[in-house]
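Okay, so the sequence shown: first residue is 1 according to UniProt numbering, each after it adds one. Heads up: the structure comes next, in structure tokens.
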Amino acid sequence: MAKYLVIVESPAKVKTIKKFLGKNYEVVASNGHVRDMPKSQLGFDVENNYEPKYITIRGKGDILAKLRKEVKKADKVYLATDPDREGEAISWHLSQALKLENKKVYRISFNEITKSAVKASLKQAREIDMNLVNAQQARRMLDRMVGYRISPLLWAKVKRGLSAGRVQSVALRIICDREEEINAFIPEEYWTLDVDLQIPGEKKPLVAKFYGDENGKRTIRSKEEMDGILAELKDADYQVLEVKKGERTKKAPLPFTTSTLQQEASKVLNFSTQKTMRLAQQLYEGVDVKGSGTVGLITYLRTDSTRISEEAQSAAAEYISATFGEEYKAVSEAKKTNSNKIQDAHEAIRPSDITRTPAKVKDSLSRDQFRLYQLIWNRFTASRMNSAKYETTSVKIGAGTYRFNVSASKVVFDGFMTVYMSDDDEKGKENVLLRSIDKDTTLVWESFDEKQHFTQPPAHYTEASLVKTLEELGIGRPSTYAPTITTILARRYVVKENKNLYVTELGEVVNDMMKEAFPSIVDDHFTANMESLLDSIEDGQVNWKTVVANFYPDLDEAVNQAEKELEKVQIQDEVTDVVCEQCGRNMVVKYGPHGKFLACPGFPDCRNTKPYLEKTGIACPLCGKEVVIKKTKKGRKYYGCENSPECEFMSWQKPAGINCEKCGSFMVEKGNKIVCSNTQCGHVIEKVKK
């Protein structure tokens, strides 16, 4: 009887897939990659047409020996690694490492680990796609070039083991650029004005918002302006000028891609990108569901396509009609327009079986697995449903020359919102007062509510918003978002506090060096263009070694030039006036993984170290002692008093050394301006150029 061998990546899939196939099939796992370029060297021969050198990964020898034994017994070998570039490359490496040239070898891939998908893949077995393999080889080599050539320079400059990366360095620059925007942002004052009006015959007042005057929309910029408007409105009559009724529809959301799943899981479930991908991998590979055995609950988790298979589409339509009613079923499928390449071989992330509702599998999943599955199931089901419909009412009110607006909406058909609502989808509440308003209705003034506000700076990046930006700029691919963010956090270039990402002093130093010595590497357009070249390799339009050969010489030249410049500007240890209490020497400033610190120059005889408190020359606004630069436990920079903890002064912005002439609060530097630290004051003056 014929014997068939199926090789998958993860041991977690073995049990699931073995169950679907007959006893003639043996299923084994490679545990991911089996070969890679050596860690101790660049890994390719520049002189020999950039030929890569591959060796067996340490610790994979026993796995390969076991696989070779199984290969000898098999009549056919099916390589069933993940359905993406990296999976294709692993299949190719397996065929090379196991020397399968004389065997009947087939590549199979499936988007979901279900019996029908796995069996269908065997009928569509094919050869290894070398275009996909070469695109992955090119990506690996480009990443190697950047990491292995630039990281030693950072090491030499900053004196400790740091790293650079093709995508990682751009992500760091994006965060640094946002930090600069925030630091330079000058808040602008504005005011809002609400008026409570009484409708004849109604108990509850109607709240109308200030819109402007008869010439159009107007922003109130100051208290003086507000007082002038209130004086004019003092004796005004309030009359309804226009009542507009209409209908608005809200379209169902698209099903999840890798990027949108990471963003939504971060916002709704507070999951990191890494945690989201780990849980999604478990749901994809298979979970032991009571009564069904081990089943893959979702489709492949690395995708940037929103496409859905015809089978999944018809199953969803049938389920929605039966569960919610025919009117809830979407008439036409939602489409996403995207100028970038879509990996359309994959589907969107969806449940492998829509009838397997979250409630049915809850007892078989961990709490976090359940929450993520529920999010995916709800989003997919909603994406196959009809739009929500709102009835809207808009009222324009005149008061002399000024205009006020009231808007209200109520849901008349909830559609997809029956199963899925994002933060933006608030079910509108009907404002019953609007039903009794007609044009020319005279309203009675009750009270004003005027409020002062200040414009807010751009928000700090979160993991979710960084992923969104990387995707919009075309930087990286679905599989790279989570590892990129994990790396910059692990290197302590960036820290995470209350979801927000903040650049550390170390991150600023590395980013400044990269911008100065390797501007193209940290340029988002250059990196996005490189991604499109990798896509062209995948399509068979560009030779992979041409891309590598065009990239390396320029990088090599930039590294050589930077090496010379770095030698010229080699930073000597800065000697301070802090005396080492153990040996009496003056301590020096050193760089470590977390930024600057004080160390004794007598190392290794004297190993004394201290936190480095960089002086600013500015007197503390509270006690008069000096303000120094400090860092939080996570490495974020701030300004505090050297007399801490006795003095509690602290500021995220650098104090300017002067007090506000309006309110007396201390002022801080922001770009080329000096701003009052009291957000309720908002006083701004120009910085004096030295």
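We put the beta carbon where it would ideally sit given N, CA and C, even for glycine. Small disclaimer: the values here were computed from a predicted structure and weren't measured.
At the C-beta level, residue 186 and residue 673 come within 8 Å of one another. Per DSSP, reduced to three states, the secondary structure at residue 351 is strand. Judged by their CB atoms, residue 202 and residue 439 are not nearer to each other than the 8 Å cut-off.
At the C-beta level, residue 81 and residue 91 come within 8 Å of one another.
Of 121, 85, 120, 152, the smallest CA-CA separation from residue 129 is found for 85. Residue state for residue 52 is assigned as strand, using DSSP reduced to three classes. Unbroken alpha helix (DSSP H) runs of no fewer than 4 residues, entirely contained in the UniProt domain "Toprim" (3-113), are found at 11-20, 61-73, 85-97, following chain order. Here DSSP, grouped into helix, strand and coil, assigns residue 641 to strand. The straight-line gap separating the alpha-carbon atoms of residue 611 and residue 480 is approximately 35 Å. A Cβ-Cβ distance of about 15 Å is found for the pair residue 493 and residue 460, leaving them out of contact under the 8 Å criterion. Taking 8 Å as the upper bound for CB-CB distance, residue 511 and residue 172 are in contact here, some 5 Å apart. It is roughly 13 Å from the alpha-carbon of residue 245 to the alpha-carbon of residue 412. With respect to the 8 Å criterion, residue 395 and residue 405 are classified as neighbours on the basis of their beta carbons. Bounds of any beta strand (DSSP E) do not take in residue 327, whose DSSP letter is neither H nor E. Residue burial annotation: residue 583 is exposed, with fewer than 16 other C-beta atoms found within 10 angstroms of its C-beta.
Pairing residue 553 with residue 379 gives a Cβ-Cβ distance that is not under 8 Å. Beta-bridge partners assigned by DSSP to residue 676: 667. Annotation for residue 390: 247, 248, 249, 250, 409, 410, 411, 412, 428 place their beta carbon closer than 8 Å to its own, counting only its chain and skipping 5 residues before and after. Counted as a single uninterrupted DSSP element, the alpha helix (DSSP H) harbouring residue 228 occupies residues 223-233. Between residue 208 and residue 194, the C-beta spacing is below 8 Å. Secondary structure of residue 119 (DSSP, three-state): helix. Residue burial annotation: residue 13 is buried, with at least 16 other C-beta atoms found within 10 angstroms of its C-beta. Listed as beta-bridge partners of residue 588 by DSSP are 575, 599. Rounded to the nearest angstrom, the gap between the Cα atoms of residue 548 and residue 317 is 47 Å. Contact between residue 627 and residue 639 holds, with the beta-carbon distance rounding to 5 Å and staying under 8 Å. Of the candidates 112, 107, 106, 139, the residue whose Cα lies closest to the Cα of residue 527 is 139. Per the C-alpha coordinates, the member of 105, 192, 116, 98 positioned closest to residue 452 is 192. In this structure, the straight-line span from the alpha carbon of residue 256 to that of residue 349 is close to 5 Å.
Residue pairing from DSSP places residue 659 in a beta bridge opposite 666. Spatial neighbours of residue 677 in its own chain (CB-CB distance under 6 Å, excluding positions within 5 residues in sequence) are listed in chain order as 665, 666, 668. Listed as beta-bridge partners of residue 611 by DSSP are 597.
Short of 6 Å from the beta carbon of residue 294, and not among the five residues preceding or following it, lie these beta carbons of its own chain, in chain order: 15, 16, 286, 288. Of the residues assessed, residue 562 falls on the buried side of the cut-off, its CB having 16 or more other CB atoms within 10 angstroms. Per DSSP, the unbroken beta strand (DSSP E) holding residue 249 starts and ends at 238-250.
Annotated as distal: residue 374 and residue 282, with beta-carbon spacing of 8 Å or more.
For the 8 Å CB-CB criterion, residue 63 and residue 27 do not form a contact.
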